[in-house]
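Here is the structure we will look at.
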Amino acid sequence: MQTSVISFKARADAALADPTLKLAIDRTTGTAERKRAAALVDFPQFEAARERGKRIKDHVIEHLDHYLLEFERNAIASGAKVHWATSADEASRIVVDLCRQAKAKRVTRVKSMLGEEIGLPHALDAAGFERFETDLAEHIVQLAGDRPSHIVWPSMHRTREQVSVMFKKAHRVPHKDETIEAMVDSARRELRDKFLSADVSISGANFLIADTGATCTVTNEGNAELTTSPPRMHIVTAGIEKLVPSLPHAFALLRLLVRSATGADVTQYTTFHCGPKKPVDLDGPEEFHIVLVDNGRTKMLADAGLRDMLRCLRCGACMNHCVVFKQLGGHAYGGVYPGPMGAVLTPVFDGLKESRELSHACTLNGKCQEVCPVDIPLPTLMRGWRDRSWREGLEPSSMRFGMGIFTFVASRPWIYRLGATVAVRMMRLFGRGGWIRGMPGLGPWTAHRDFPVPSGRTFMARYANGEGRQK
Amino acid sequence: MSNTLVSSPPASPRVALFVTCLVDAMRPSVGFAALKLLQDAGCRVEVPMQQTCCGQPAFNSGDTKDTAVLARRFIEQFEPYDYVVAPSGSCAGMTRAHYPEALADDPRWAERARKLGARTFELMSFLVDVMHYKPAGVKFPATATYHDSCSGLRELGVFDQPRALLGQVGGLTMKPLEGNDVCCGFGGTFCVKYPAISNAVVSEKAAAIERTGAQVLLGGDMGCLMNMAGKLHRNGSPVLVYHAAEVLAGMADAPSISARSSDKG
Amino acid sequence: MTARDDILGRVRAALGRRSIDPASVASAAATLLADLPSTRPRLLASSLAEAFIARVTSPKVAATAERIESTAALPEAVARYLRARDLPKAIALQPLALLRSLDWSGFAVRDRVASDEVAAIGMARWGIAETGSLVFHSGADTAVLANFLPLHHIVLLRKADLLAYLEDYATLVAGQPMPRNVNLISGASGTTDIEGSLVLGAHGPRYMHVVLVDA
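Residue numbers (my numbering), protein chains in the order written: chain S, 133 to 603; chain Z, 1327 to 1591; chain B, 450 to 664.
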């Protein structure tokens, strides 16, 4: 999924002109912010927990090879089959091949951003399988034929009114009342038999537990369990950074993840999968496959300016609190992941040339880092991409030229003073009643705001003249 | 990063005022207010005459090399002083939080940056945390609301100090701003590179400011204040905008940033 | 080169590898869990039973609860629950000897949970007071689907099986082989996918009722 320099601005403009989208964004992110804040009031130990979570993640990252091998060993011992994929294409090919081996016709999916990352929905469709998304939001996204716009609420960009129309068209027994409850009920009816009749189920993982070889999902709806027990094959795709040493480490991170994502203390369903159906089991898949996916993660690991991003728990707090995301929504970002984390990750997946705008469309205000449950220095990482972009010559030549001039001038105080005086005089020429409504060079500012006329002489000129001296 | 509270204020420290580009060109009264406040607090204030820009525009554009050029100049000029104070969280934050990053390729300069950074402060946090200053006899009868600029808040821990100082101003009633810690959409070059997004953000900020019913908007950073004042004025709002330093120094009788009458200066 | 070799090779190169001493890695991992109380919320009450009930009936966990004195009282509690909701006395019963041995006369009892099951009765292995969670292990007497298909899920839990914190469960099962599925269930299913607004009863049970027995 490629981003492009031109389309970010076009997408952003389209998003800004869409009041329905804004309504949808405000409803969801507003709720998320309030609930997270309320959860933290009840959890005064949050900052200490955050510090612990950061250290756990850093420890795993620093010993990633060790934990990968431990996980693989234990997963195989539990009866699972472990596959490795270096790229997105390789990962989705492995999944498609496994589905073919299982002679699958119908495939059910549990929401997984990693699945989006590797292009799984498209790969499954292209291979001719009948695919059913089982999370409510992914079901909505599938009906709408578009893409997720938020990592926790993929259909955030849809208002209830839009969802109602889609369900009435697609569901066999749709809702009668226009309430969200009735719509959810309709989806429950519609998807029930899909769970039980699928041949293969595919899910992701929030955690990979190294000392047992188990995978863990953290969900609310019950579809994850209904989807992954009935079919004869269950496939888990997961990024290699999802490893944790053991169950208590997973629990420590769980306390951060859920509060940061939805404001609940824990989701309804925390489920651990370890191996396929055992002889004593009453249900479960005959085959359990785990696909460990790199897709740029080792690249991030090798880069000191990106390694911290591997701590990411995929909670979505950063985007819920981002002033830019809250104006644009997720689709404007153009990649799999939106918001601040998306601005850092997308250049890794899609290349910097295609996605450099994302790290620039940011005020560097730092709220994202403040709410990140594992203290990822997102503004620093974003500025790091700007630095890379500059060094790779991707920045517009007018900018390079301008910056060169500015540095030249700012290194020579007498030229700087002269320049400031001239600029001030020019601005005063364009001012009316203390304000500039329009002036060459100030276009982007004055398109939306007035620009205050400078006071007159500069501070340095007045101070040099004796003003403000100590008595 | 938070300012460490010193147990008792230093006696007559030599303080260098870092004026900052926007104050220098756009609103010198903020610089003179800062001078007065520092003098009243018992500092020997000087203004290094070779100062220009801290390099933040270059840094935020990804031009680390040019940033380093300006960073080295800054360090050389301001190193001789006991403290460096700027009426701006963003500029103080640049030098304190980011100079070591910009100079990372040269460990000796990075170390000089770190040492100087430890003595570099945003104005209001310096007055409270280091000088334990309390303004006396200052009056500004008005209702006002306060915007916490992002760099000052998150990089330098500036939050309580402006409120403590403004609390000493006679007749001034502070009203809380909904989303006081939400970015105003200035973001330096962001507002001119992405004007439509910036406008959407500042529009919400302006609406929140107007909802407070306050007569005055106060803050600690010129960029943010100009951005919000410009939007408020375009909206036809009567809200007056001042830098908190001007109010604290008793210099807020000059026309505000969003005054309608033309300014003499 | 296989993908496995490629990935491991890159990881090692990125970390500047060096040989790993598993014992010191394990020791470092254990140190990361020191002083857990400093990073955990307080329980809602001083007794585990009160803390668990308070949590499981709080708005944060969408469940109802009651206490009975002995397991023999469970069928009567279930009958009351169904009567109050105008539901027929038809239940699916988890194939646990303890549950099966109770007096279910007057009930139509099924031993497997149908996809449109109205009410199913189960028993949790443990309860966790911190989160109001019920713990189920898949096995000969526990089908995973039984916890997810019914509309009403009524779960028996013994007071003696209450744990304080999530880590207490981890400590109990450490070193033992894991079952195919471990389900920590905290309330009825729900979704906030439409406009962030919470709706109960997504795909899993819409109603969760915990019966805590003082045994």
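All C-beta atoms in this analysis are idealised placements derived from N, C-alpha and C, irrespective of residue type, glycine included.
Original post:
Given that residue 352/S touches chain B, what residues does it touch there, using C-beta distances under 8 Å?
Top reply: 638, 639, 640, 641 and 651
**OP:** Return the residues of the region 452–470 of chain S that lie within a Cβ-Cβ distance of less than 7 Å from chain B, sorted by chain order.
**Re:** none
Original post:
Got a sec? Which residues, its chain only, sit under 8 Å from residue 590/S by beta carbon, not counting five neighbours each side?
Top reply: 549, 552, 553 and 556
Original post:
In angstroms, rounded to a whole number, what distance separates the CA positions of residue 289/S and residue 269/S?
Top reply: 10 Å
Original post:
Given that residue 285/S touches chain B, what residues does it touch there, using C-beta distances under 8 Å?
Top reply: 641, 642 and 645
**OP:** Note down the Cα distance separating residue 226/S from residue 236/S, rounded to an integer number of angstroms.
**Re:** 14 Å
Subject >> Cβ-based burial, residue 157/S [other Cβ within 10 Å; buried from 16] >> reply: buried
**OP:** Please report how far the alpha carbon of residue 347/S lies from the alpha carbon of residue 1402/Z, in whole angstroms.
**Re:** 56 Å
Original post:
Are residue 1506/Z and residue 1557/Z closer than 9 Å when you measure CB to CB?
Top reply: no
Original post:
Alpha carbon to alpha carbon, what distance is there between residue 357/S and residue 655/B?
Top reply: 15 Å
**OP:** With DSSP as the reference, label residue 214/S as helix, strand or coil.
**Re:** strand
Original post:
When the cut-off is 9 Å and only beta carbons count, does residue 607/S lie next to chain Z?
Top reply: Limits of chain S in this structure are 133 at one end and 603 at the other, which puts residue 607/S out of reach.
**OP:** Using alpha carbons as the reference points, say which of 234/S, 175/S and 283/S lies closest to residue 469/S.
**Re:** 283/S
Subject >> DSSP-derived helix/strand/coil call for residue 681/S >> reply: Beyond the ends of chain S as shown, which are 133 and 603, falls residue 681/S; an answer cannot be given.
Original post:
For residue 1379/Z, which of 1372/Z, 1508/Z, 1364/Z and 1404/Z has the nearest alpha-carbon?
Top reply: 1404/Z
**OP:** With residue 427/S as the anchor, note down where its beta strand (DSSP E) starts and where it stops.
**Re:** It is not in any beta strand (DSSP E) - residue 427/S carries neither H nor E in the DSSP assignment.
Original post:
What residues of chain S sit near residue 1422/Z, judged by a beta carbon separation below 7 Å?
Top reply: What residue 1422/Z touches in chain S: nothing, since even the nearest Cβ is about 14 Å away.
Original post:
Using the beta-carbon of each residue, which ones in chain Z are nearer than 7 Å to residue 590/S?
Top reply: 1350, 1351 and 1354
Original post:
Which residues of chain S have a Cβ atom closer than 7 Å to the Cβ of residue 1425/Z, listed in chain order?
Top reply: Per Cβ cutoff of 7 Å: no residues; residue 1425/Z is ~14 Å from chain S at best.
Subject >> Terminal residues of the beta strand (DSSP E) in which residue 341/S lies >> reply: 339–341
**OP:** Using a cut-off of 9 Å between C-beta atoms, extract the partners of residue 555/S located in chain Z.
**Re:** 1351
Original post:
Can you tell me whether DSSP reads residue 547/B as helix, strand or coil?
Top reply: helix
**OP:** Can you grab the Cα-Cα spacing for the pair residue 527/S / residue 520/S, in whole Å?
**Re:** 10 Å
**OP:** Answer yes if the region 1482–1496 of chain Z comes into contact with the region 407–420 of chain S, meaning at least three C-beta pairs across the two stretches below 8 Å, and no otherwise.
**Re:** no
Original post:
How would you list, in chain order, the residues of chain S whose beta-carbon sits under 9 Å from the beta-carbon of residue 1401/Z?
Top reply: None at all; the shortest Cβ gap to chain S is about 13 Å.
Original post:
When the cut-off is 9 Å and only beta carbons count, does residue 406/S lie next to chain B?
Top reply: yes
Original post:
Would you say the beta carbon of residue 1382/Z comes nearer than 8 Å to a heavy atom of the ligand HEM?
Top reply: In the structure on display, the ligand HEM does not appear, and there are no ligands present to speak of.
Original post:
Taking Cβ to Cβ, would you say residue 1342/Z is nearer than 9 Å to residue 1410/Z?
Top reply: yes
**OP:** Could you name the residues of the region 146–167 of chain S whose beta carbon sits closer than 8 Å to any beta carbon of chain Z, in the order they occur along the chain?
**Re:** 148
**OP:** Please list, in chain order, all residues of the same chain as residue 1504/Z whose beta carbon is under 6 Å from its beta carbon, the five residues on each side excluded.
**Re:** 1534
**OP:** Note down, in chain order, each residue of its chain lying with its Cβ closer than 7 Å to the Cβ of residue 1517/Z, except the 5 sequence neighbours on either side.
**Re:** 1511, 1524 and 1553
Subject >> Start and end residues, beta strand (DSSP E) containing residue 524/B >> reply: Per DSSP, residue 524/B belongs to no beta strand (DSSP E); it is in the alpha helix (DSSP H), 523–533.
**OP:** Hey, could you find the ends of the alpha helix (DSSP H) residue 1428/Z is sitting in?
**Re:** 1425–1428
Subject >> Beta carbon of residue 341/S nearer than 9 Å to that of residue 368/S >> reply: no
Original post:
How do the region 630–638 of chain B and the region 500–513 of chain B stand: do at least 3 beta-carbon pairs fall below 8 Å, yes or no?
Top reply: yes
Original post:
Where DSSP assigns a beta bridge to residue 282/S, which residues make up the other side?
Top reply: DSSP lists no partner for residue 282/S.
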